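Line by line, the protein sequences give chains P and L.
Using my numbering, the letters of the first sequence map in sequence onto residues 1 to 789.
Using my numbering, the letters of the second sequence map in sequence onto residues 1 to 283.
Some notes on the structure that comes next.
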Amino acid sequence: MGDLIGKSVKRVEDNRFLKGEGKYTDDFNMPNQTFAVYLRSPHAHANLVSVDISAAKAMDGVITVFTGKDIKDAGIVGSICGWQVDFKNGDTMKEPGHPILAFDKVRHVGDAVALVIAEDFGTAVDAASAVEVNYEVLDAIVDPKAAVQDGAPQVHDDVPNNTIFDWELGNKEETDAAFENAHHITELSYHNQKIVPNAIEPRAALAHFDSNDDKYTLYTTSQNPHLARLIIAAFVLSIPEHKLRVIAPDVGGGFGSKIFTYNDECGVLWASKQIGRPVKWTADRTEAFLTDCHGRDHVTDAKLALDAEGNITGLRTKTYASLGAYLSNFSTCIPTWLHGTLMQGLYTTPAVHVDVTGVVTNTVPVDAVRGAGRPEASFCVERLVETAAREIGMDPAEFRLKNFIPPFDGVEQEGYQTQVALQYDSGNYEGALKKVLKNANYEKLKEERAAARSDGKLMGIGFSTYVEACGIAPSAVVGSLGARVGLYDAASIRVHPTGKVTIFVGAHSHGQGHETTFAQIVADSFGIGMDDVNVLHGDTENVPFGMGTYGSRSLAVCGSAIMKSVDKVKEKGARIAAHKLECSPEDLEFANGSWNVKGTEKSVGFGDVALTAYVPHDYPENEEPGLDFASFYDPTNFVYPFGAHICVVEIDKDTGEVKIVRYIAVDDAGNIINPMIAEGQVHGGIAHGIGQALYEGALYDDSGQLLNASMLDYCIPRADNMPFFETDHTITPCPHNPLGVKGIGEAGTIASTPAVVNAVMDALTDYGVKDLQMPLTPQRVWTAMQQAK
Amino acid sequence: MIPESFDYQRASSVSEAISLLQKHGEDAKILAGGHSLVPTMKLRLATPGTLIDIGGISELKYINDKGDYLAIGARATHWDIESSDLVAQKAPALSQAAGQIGDVQVRNRGTIGGVLAHSDPQADYPGVVLALNATIVVQGSRGERTIAVSDYFTGLWETALGEDELLTEVRIPTDRANANSCYLKFPQPASRYPFVGCAVAMDSSAGNCSDVRIGFSGVGETAFRDSGVEDALRGNTLNESAIASASAKAADARSVLSDVFVSEEYRRAMAKVYLKRALTKLT
Ligand SMILES: Cc1cc2nc3c(=O)[nH]c(=O)nc-3n(C[C@H](O)[C@H](O)[C@H](O)COP(=O)(O)OP(=O)(O)OC[C@H]3O[C@@H](n4cnc5c(N)ncnc54)[C@H](O)[C@@H]3O)c2cc1C
């Protein structure tokens, strides 16, 4: 390898982004284009008595208005659930339909009722407000635990007790026994609140049906255009797959919310054929709040059992997980397979039992948001662990070190088999914790805390250690767990005659910097410059079928596919080089951009070989011209990044405000390709998790209104809320992929939420406050202090 | 979102703006910085038929020392105020409030006239101009009149400004108390508007508190002067115990806003905390 890997190469894509010259879906226009607006329900739960579109349809500039009946009559069902999680007793998961436009009932505020298409956007908005809808308002249900009770409002007629599935993982008997024999039991009951993803670019679609060749084109805000194409073509609109092109150009953030194929985008694609003109739709911020899938929303009781020596002997949780009003694509696997499987954390806990009930409520659908299931798991485990340590009077760092799984590299030592299905690939948890203790100067920090407390100040230190499963995922494994898709990725490398290279990847960059990282890998592999490599993604017509970007998978999965294609190029290149050098390929080694005959000065460069491949005048017999390879990579396991974070807070006694004064992180994501980009991901991830701990949360009233559906009311953390991040890493390579890489996109979010809450609880020690509902707003903290007085 | 369609008129003088107001009546709205009006129009909470843009009236954009008072034109932006040495000297509370409004873009566009005409209960300035004992100057078809600030805020979103009147100037007395004033703000974390904004102007040059005026923004349905606290302070030496006992009375006799983010109890308690901090700052 050359010297680009491991270097903080500046992000290639920032040239256009920083100048405001990125091209997003809404920046594209087509001749003869029309504009769509969805009319959305103001009620969380209501029968649709009538929808009168006559006045709207008669307005100047209105092309047409569709209702739920039109779409139902066309035989179109809505988007689908991509993961089947059945009941414990073997009954099949409930799968209520999700119509593109409601026809009998609306089930959350924001549910679409009509689709208005007009010559311009303003007219479409005017016409939408001229649609007259008669609603018969019903009682709504918001709380997932209350939703399963008899007598609760029923969101779907065919889902008794609003229960989609119930699910368990781990060994119940052994866990029960662990609790019976426990010396100490720590208990927490909490609501891991619903959060709104808030990508800066709202969802959008520009759809066009071309009757000349019966072909659809959809520009859209997707993290995974191929998956969108598959779902739309095969499941929603029954379009032959080769007649649908999905393009996800620059995408302004997703945090998971743009993984899913939403009904709105399908609706405009369908409409474009009905009216024979292109249709553009762009959500506004209110719609983003009311329709982008939310995250979390777990109501959980959790318990940890300890023996007399402070060893963890068992962990048990019961969670009611809201899936919102309808099942989004991956809604069912998030609170189950991406959550329950992480409940052992980094500990040797011999008995674990996780029980999850998936529930529909009259709220915006819930699906993956950064971390997706794993933040909920790490929050549970790390809050329990820290609380337990405090309760038995042991230092939380010492308590963790005592209970950690010992280091294993996955090569000399085997991977670690947990009680909850996963086999961790490699880990050195004590290495990360010891490093963060050193970086934080923990002993001194404790002295500072003691001094602050004797001055009457409220200072707290909180820990969070995590292991997560990402690099999603081995297809056969997830298939056996109910996934209806594979989770490999794909990359092809096209070496051009002049030795320049284009790589086509299935991963999709919407903030991650793939155009830089992937180019670094390829440039290094071929000994060429960054400028010699171009990375293309996001267009189903140009790139091989890949599964996109989420679950911190791009480098571990798509990067591995790139490496497979690199190997193929090198192998064929060696044969061509051998021909030119009149030796056999085995005599060659590739270094510094050329094939060299071992032990001689004789060599031929990468560019020469490329040219020869395309101008094959003097060429090996039976060798095809060209230098162009595609590869698919299906991982053999998840990858398991881990780390240790310390958060230090001060609380203003008068106001209850929490200020993070220090945040020290050590993360281990295996080998690092671009340290700057990796650190950026850690910063963003930590900020996201701090957001949940201190600021964010969807506020619903009992009637199902989302009370803070705007930036004026929903608090996303700002730069001035953030401390200076003190980041560092350890490196424990992944033993099972070619680059030895893990994932870093979600780690910060998984780690930081419990670190902050643990720090606040530490600061409130003297008040005897053990737990508080997130977000830890000044008012909540102040009220808790008042009540303790 | 996108506003309903509307007519747009650009006034080039105060008199033209007034005659346009008269002509279009209730259906018209003045457009200043647009940073309160345009967002409400986009959400279609406001649907004026005509906008009268006063952005081109340069005669309304000034900050002048008139001896007894500072004259601030209605179109002075938050940035104009924040960056004015004159304001920093004669009325530091106003300067501090201006510097804490929104972000740079908002401060470059938003105007003092717009804030006071809009009378958002959560805005920063109202409590400040009360504490500074300002006078509001307005012009309408019947000519110019001045309104004492104590008569200006008449209710939630309501002011003494007449329908065909333009707010033209804000006058801030250049007295001792105003020169010794400050503004502290506890922002709502998402909007960063104050859920408690506390302005204090106080003359304690003779050793005890001879002149004291306290204004709160964000706490009640309208901004208000807290006379209970003022009475408790007047004539006293400003020491720790005087501050403690006076600030404990903050917002006591008042009905206090309560919303999903901040309860009445907490808001009232924070009014006391912020008053205490503001008074302490002035000692
Ligand atoms: C992101 C953001 C953050 C903000 N943060 C804060 C904050 O922290 N604190 C705060 O106090 N404010 C805040 N604001 C509001 C900001 O201060 C506005 O600028 C201000 O409320 C209105 O001033 P304007 O000049 O923009 O008025 P406009 O929006 O143009 O007008 C507001 C109203 O006043 C009327 N009007 C305007 N000028 C006159 C006049 N001369 N005579 C008669 N009527 C008039 C208009 O007809 C309209 O009804 C924020 C705004 C935004 C967009």
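Ideal Cβ placement from N, Cα and C applies to all residues, glycine included.
Treat the numbers as computed from the prediction; the structure is a model and nothing was measured.
Asked	Found
Spatial distance of P:Y663 from P:D139 (CA atoms)	44 angstroms
Nearest candidate by alpha-carbon position, reference P:A234, set P:T261, P:G254, P:D210	P:T261
Within 9 angstroms of chain L by C-beta, residues of the segment 71-103 of chain P in sequence order	none
Coil, strand or helix - L:S227 by DSSP	helix
Span of the alpha helix (DSSP H) around P:N758	747-763
Range covered by the beta strand (DSSP E) that runs through L:S181	181-187
Local conformation of P:G267 per DSSP, three classes	helix
Pairwise C-alpha distance: P:E468 and P:E586	41 angstroms
Cβ-Cβ separation, P:S552 to P:G670 (assumed contact under 8 angstroms), whole Å	In fact, because the Cβ distance is near 11 angstroms, the residues do not count as touching under 8 angstroms.
Rounded distance between the beta-carbons of L:Y69 and L:A97, thought under 8 angstroms	Not quite, the Cβ-Cβ distance comes to about 18 angstroms (not below 8 angstroms), so this is no contact.
Cut-off 6 angstroms between Cβ atoms - residues of its own chain near P:N534, not counting five sequence neighbours on either side	T502
Any chain P beta carbon closer than 8 angstroms to L:A190	yes
Buried or exposed (CB count within 10 angstroms, at least 16 for buried), L:V206	What sits at residue 206 of chain L in the sequence shown is Ala, not Val. Exposed: under 16 other Cβ atoms inside 10 Å.
Where L:W157 falls: helix, strand or coil (DSSP)	coil
Identity of the residue in L:R234, L:E158, L:E169, L:M270 nearest L:R145 by Cα	L:E169
Test: L:M270 CB closer than 8 angstroms to a CB of chain P	yes
P:N89 beta carbon less than 8 angstroms from that of P:P278	no
Ligand 1 heavy atom lying under 7 angstroms from the CB of L:L161	yes
Sub-8 angstroms separation of P:G427 and P:F408 beta-carbons	yes
Distance, L:G33 Cα to L:R225 Cα	27 angstroms
Rounded C-alpha distance that separates P:G559 from P:Q520	11 angstroms
CB contact check: L:F186 to chain P, cutoff 8 angstroms	yes
Within chain P, the residues that L:I136 reaches when beta carbons sit closer than 7 angstroms	The contacting residues do not exist; L:I136 stays about 27 angstroms from chain P at best.
Option in P:L338, P:A451, P:D567 with minimal Cα separation from P:V477	P:L338
Between the CA atoms of L:A223 and L:N208 - distance to the nearest angstrom	27 angstroms
C-beta neighbour in chain P for L:E4, strict 8 angstroms	yes
Chain P within 8 angstroms of L:V273, Cβ atoms only	yes
One or two residues paired with P:A665 in a DSSP bridge	P:H645, P:T727
Closer than 7 angstroms: L:V38 CB and nearest ligand 1 heavy atom	yes
Buried or exposed by the 16-neighbour rule on C-beta atoms within 10 Å, applied to P:W83	buried
Beta strand (DSSP E) segment containing P:L433, residue limits	From DSSP, P:L433 is part of no beta strand (DSSP E) but of the alpha helix (DSSP H) over 429-440.
Interface flag, L:V212 vs chain P, CB-CB below 8 angstroms	no
Own chain, CB closer than 7 angstroms to P:G340, minus 5 neighbours either side, in chain order	L169, V354, V356, V420
Alpha helix (DSSP H) runs wholly inside the segment 401-480 of chain P, at least 4 long, in chain order	429-440, 442-454, 475-480
Identified DSSP bridge partners for L:K66	Its beta-bridge partners do not exist; DSSP assigns none.
Alpha-carbon to alpha-carbon, P:H294 and P:G685	17 angstroms
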